[in-house]
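**Q** A single structure is presented below for examination.
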Amino acid sequence: MEKNTTTGGVMARVVKILGRTGSQGQCTQVRVEIIDTSSSKRSIIRNVKGPVRVDDVLVLLESEREARRLR
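Just remember that the working numbering sits 1 ahead of the position in the sequence shown, which is counted from 1.
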């Protein structure tokens with residue numbers, strides 16, 4: 002996994018917004034695609050707090066954990 006040297010995180014692009022989650026809907030569940038130099042397109046599901054749109058770029062400080070799917 003390639004790390005961004007300035008922030009210590011991994012860059013990921015928002016591919017799809019899956020819905021709101023949390024007890025009061027304060028988080029948004031999104032599918033992100035890890036941006037790295039290799040040709041593999043790895044995508045994971047993450048919870049994001051705050052405003053987010055498709056094609057936004059996030060810096061993930063930890064890229065191994067994946068959020069549970071919404072029910």
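Glycine included, C-beta positions come from ideal geometry on N, C-alpha and C.
I believe Arg70 touches Ile46 by the beta-carbon criterion, under 8 Å. Please report the beta-carbon distance rounded to the nearest angstrom.
**A** Going by Cβ atoms, the distance from Arg70 to Ile46 rounds to 7 Å, so yes, they are a contact pair.
**Q** Run through DSSP, which three-state label would Ser41 get?
**A** Three-state result, Ser41: coil.
**Q** Alpha carbon to alpha carbon, how far is Lys42 from Gly51? Give it in angstroms, no decimals.
**A** Spanning the two alpha carbons is a distance of roughly 25 Å.
**Q** Hey, out of Asn48, Val55, Ser64, whose CA is closest to Ser24's CA?
**A** Among Asn48, Val55, Ser64, the Cα nearest to that of Ser24 belongs to Asn48.
**Q** From Lys55 to Gly9, what distance separates their C-alpha atoms?
**A** Inspection of the sequence shows that residue 55 is occupied by Val rather than by Lys. Going from the Cα of Val55 to the Cα of Gly9 covers about 23 Å.
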